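Participant:
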Amino acid sequence: MNRTVKTAVLISGGGTNLQALIDAKAAGKLPHVSFCAVISNKEEAYGLVRAEKAGIPTHVVKKEKGRQEAFEKKLVEILESCGAELIVLAGFLAILSEDFVKKYPERIINIHPSLIPSFCGQGYYGLKVHEAALSYGVKVTGATVHFVNEIPDGGRILLQKAVEIQEGDTPEILQKRVMEEAEWKLLPRAVEMVAAQLCAEEEAS
Ligand code: GAR
């Protein structure tokens, strides 16, 4: 048996990317990954149900207005108590401070629904990204998995996949196509790639 990298997944909503990770694990495609926690900043997030069904411990950490420090302190407590070595932001739409991000260099992975550096950074999340791509008129968009650093959507790119825009696309239609054709494939691949690399570095040292 491989050693597995304990991975916490942070979500805010539907959790279809979390589901892609759960399904990939069940299909034996994530041999270096084990899930130690799913944390949501929204208690109504459907992703929490997906995690429970998969037997992954769940936590809800809500951010009270102006209480960023307390929010992150609670996140760190959970991450430490479950021994998380890798953090995956799978549709986690709360802001994380520079201090938080600096605690986990090259240990936080994010999925973003565009080809970075297009339509990314402050204010670009969820459907807004697809609205922006359509209103700009690009013919190709896609998804990017990247490490998180102190620059919003600015960390090292791990994987990208292009998706064509089609006549008649609405933000909702495009969002679905980007998820199906790119996000749900890329995220499990990137998480396994990073986890396998961490294991290989450990073995070599
Ligand atoms: C996904 O499209 C993800 O790429 C996006 O939110 C959606 C979450 O869906 N993330 C961002 O926009 C981050 N800037 P999900 O909850 O079904 O995985």
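Position one of the sequence shown corresponds to residue 836 (the working numbering), numbered consecutively onward. Every residue, glycine too, gets a C-beta built ideally from N, C-alpha and C. Keep in mind the model is a prediction, meaning the values are calculated, not measured.
Using DSSP's beta-bridge definition, name the partner residues of F870.
Facilitator: Counting from 1 along the sequence shown, the entry for residue 870 is found at position 35. Answer is T842, bridged to F870.
Participant: How about A919 and K860: are their beta carbons less than 7 Å apart?
Facilitator: To locate residue 919, count along the sequence shown from 1; it is residue 84. To locate residue 860, count along the sequence shown from 1; it is residue 25. It is not a contact, given that the beta carbons lie outside the stated cut-off.
Participant: For a test of your reading of the model: does the CB of A925 fall under 6 Å from any non-hydrogen atom of the ligand GAR? Yes or no.
Facilitator: Mapped onto the sequence shown, residue 925 falls at position 90. For the ligand GAR, at least one heavy atom lies less than 6 Å from the Cβ of A925.
Participant: For G848, count the other beta carbons within 10 Å of its own beta carbon; 16 or more makes it buried, fewer makes it exposed. Which is it?
Facilitator: Start at 1 with the first residue of the sequence shown, and residue 848 comes out as number 13. By the neighbour-count rule (16 or more Cβ atoms within 10 Å), G848 is buried.
Participant: Taking the DSSP output, what are the residues bridged to V923?
Facilitator: As a first step, residue 923 is located in the sequence shown; it is residue number 88 there, counting from the start. DSSP output for V923 lists V844 and I944 as bridge partner(s).
Participant: Under DSSP, the beta strand (DSSP E) around Q1010 begins and ends at which residues?
Facilitator: Residue numbering aside, residue 1010 sits at position 175 when the sequence shown is read from its first letter. That residue, Q1010, is in no beta strand (DSSP E); its alpha helix (DSSP H) goes P1006 to V1013.
Participant: Nearest to I857 by CA position, among R838, P892 and N876, is which residue?
Facilitator: To locate residue 857, count along the sequence shown from 1; it is residue 22. Out of R838, P892 and N876, P892 has the C-alpha closest to the C-alpha of I857.
Participant: Do the region 926-935 and the region 966-982 meet, that is, are 3 or more Cβ pairs less than 8 Å apart?
Facilitator: Segments in contact, no.
Participant: At a threshold of 6 Å, does G958 count as lining the ligand GAR (C-beta to nearest heavy atom)?
Facilitator: What you label residue 958 is simply residue 123 of the sequence shown in a count that begins at 1. G958: no, Cβ never under 6 Å from the ligand GAR.
Participant: Nearest to E1002 by alpha carbon, out of R1012, F906 and K888?
Facilitator: Reading the sequence shown from its first residue, position 167 is the one you call residue 1002. Comparing Cα positions, the closest option is R1012.
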